[in-house]
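These notes concern the structure reproduced below.
Numbering (the working numbering), first residue to last: 8 to 360.
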């Protein structure tokens with residue numbers, strides 16, 4: 008059966024035999040139509056489900072197949088699937104009226120664990136809620152005929168204040184939700200997972216890391232270095248006093264002057280540390296494209312003859328704490344009533360925070 012809509016042929020296949028013929032010629036009949044709302048404006052054109060058939064699509068399928076492409080590969084995840092299924096049974100036993108939510112949490116639990124190594128929490132999990140919202144948007148965005156821009160693509164170039172152009176604001180909102188669905192779980196877990204993967208690769212899971220392992224754990228070292236930079240325990244240090252007149256940077260420092268070093272400002276200088284308020288361990292790892300950023304140890308422990316005498320012990324202690332904690336724990340934000348609680352960083356009063 009076929010119909011013609013605005014000059015374009017649409018074919019509806021009702022026969023399994025015809026479907027089998029289409030399958031035999033998959034290289035010809037595997038492209039996707041261009042969807043202005045769901046694909047171009049909301050952003051699903053870059054996902055496997057709406058990607059046009061070609062090199063990019065084949066690359067996505069290749070990577071997908073490496074992890075889930077055969078029954079043998081999927082058998083590696085049997086324990087996870089069975090674990091999440093049992094969690095579903097317990098939830099359903101406790102509340103038989105919430106079947107749809109429990110099914111979503113079952114699917115979300117398997118996908119989140121496979122993709123991000125994140126275990127979905129009981130009750131309202133923020134990432135399941137995020138993904139479900141984005142999926143609802145996707146379902147609405149690709150309904151044939153739901154948005155006139157799919158029929159007349161040039162509409163997306165018209166001014167937004169014109170009547171009937173509200174789809175542009177809606178598309179921006181849904182595009183942001185799509186981005187959040189992809190990036191937020193990844194950003195939340197990527198640094199922890201990267202450090203844990205390094206620990207597992209170098210040390211294994213039969214023992215805890217020791218300080219003797221430190222030279223072989225560059226990413227964990229970078230995490231420790233970023234901890235020292237990101238929030239200094241002594242943001243202004245302890246004041247110094249000049250014993251005599253001196254010239255520093257072309258300025259006279261009179262004898263008896265009190266010198267306060269704003270270490271916090273130096274450690275958050277965007278010239279030295281781009282995106283200074285972001286926790287980015289990668290900034291401390293040199294690559295072929297860029298050198299490592301300034302070592303915060305040259306700042307955070309003070310300077311001169313008053314530099315912290317215990318800095319090496321402190322550094323070793325932090326490494327031991329971070330490496331051992333990552334080897335044993337998965338660190339997650341708390342959730343209350345389905346809302347993820349981001350801890351508020353609060354300093355105590357005084358020089359030492």
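Just so you know, even glycine gets a beta-carbon here, dropped at the ideal spot from N, CA and C.
Q: Would you check if there are 3 or more beta carbon pairs closer than 8 Å linking the stretch 33 to 44 to the stretch 151 to 166?
A: yes
Q.
Going by the DSSP bridge assignment, what does residue 118 pair with across the sheet?
A. Answer by DSSP bridge pairing: none, since residue 118 is not bridged.
**Q.** Spatially closest choice to residue 37 from 51, 23, 22, 55, by CA coordinates
**A.** 55
Q. Would you call the stretch 139 to 150 and the stretch 180 to 194 in contact, with 3 or more CB pairs under 8 Å?
A. yes
Q) If you run the structure through DSSP and keep just helix, strand and coil, what is residue 156? A) helix
Q. Could you give the residue range of the beta strand (DSSP E) that holds residue 253?
A. 253 to 255
Q. Taking C-beta to C-beta, are residue 215 and residue 239 nearer than 7 Å?
A. no
Q: Counting only runs of 3+ residues fully inside the stretch 229 to 282, write out the beta strand (DSSP E) ranges in chain order.
A: 253 to 255, 258 to 260
Q: Please classify residue 325: does DSSP put it in a helix, a strand, or coil?
A: helix
Q.
How far does the beta strand (DSSP E) with residue 17 in it extend, from its first residue to its last?
A. 15 to 18
Q: Check residue 141 in the structure and name its three-state DSSP category.
A: helix
(Q) By the DSSP assignment, the alpha helix (DSSP H) with residue 186 in it spans what residues? (A) 174 to 209
**Q.** For residue 227, three-class secondary structure by DSSP
**A.** helix
Q: Under 8 Å Cβ to Cβ from residue 87, same chain only, skipping five residues before and after it: list those, please.
A: 117, 120, 121
Q) What number of angstroms, rounded off, separates the C-alpha of residue 125 from the C-alpha of residue 192? A) 8 Å
Q. From which residue to which residue does the beta strand (DSSP E) around residue 72 run?
A. Taken as a continuous stretch (DSSP letters only), residue 72 belongs to no beta strand (DSSP E), being part of the alpha helix (DSSP H) at 62 to 75.
**Q.** Nonlocal neighbours in the same chain, by C-beta distance under 8 Å from residue 206, ignoring five residues either side
**A.** 216, 224, 227, 330, 333, 334
Q | Straight-line gap, residue 151 to residue 190 (C-alpha atoms, nearest Å) | A | 28 Å
Q.
Using C-beta distances below 7 Å, list every residue in its chain close to residue 218, excluding the 5 sequence neighbours before and after it, in chain order.
A. 323, 326, 327
Q.
Does the structure place the stretch 227 to 236 close enough to the stretch 283 to 300 that three or more beta carbon pairs sit under 8 Å?
A. yes
Q: Consult DSSP for residue 299 and reduce its assignment to one of helix, strand or coil.
A: coil
Q: Throw me the rounded Cβ distance for the residue 340 and residue 348 pair, which I believe falls under 8 Å.
A: 6 Å
Q: Just the C-alpha distance for residue 7 and residue 307, rounded to the nearest angstrom, thanks.
A: With the chain covering only 8 through 360, there is no way to say anything about residue 7.
Q) How close, in whole Å, do the beta carbons of residue 25 and residue 178 come, if the pair is a contact with beta carbons under 8 Å? A) Rounded, the Cβ-Cβ distance is 35 Å, inconsistent with contact.
Q. What does DSSP give as the partner residues of residue 56 in its beta bridges?
A. BP columns for residue 56 are empty, so no partner.
**Q.** Closest Cα partner of residue 279 within the set 66, 237, 33
**A.** 237
Q) Under a three-way DSSP split, which group does residue 285 fall into? A) coil
Q: Locate the alpha helix (DSSP H) running through residue 35, then write down its first and last residues.
A: From DSSP, residue 35 is part of no alpha helix (DSSP H); its letter is neither H nor E.
Q: State the CB to CB distance for the pair residue 288 and residue 233, rounded to an integer number of angstroms; the pair is presumed to be in contact (CB under 8 Å).
A: 5 Å
Q: Taking all protein chains shown into account, decide if residue 112 is buried (16 or more other Cβ within 10 angstroms of its Cβ) or exposed.
A: buried
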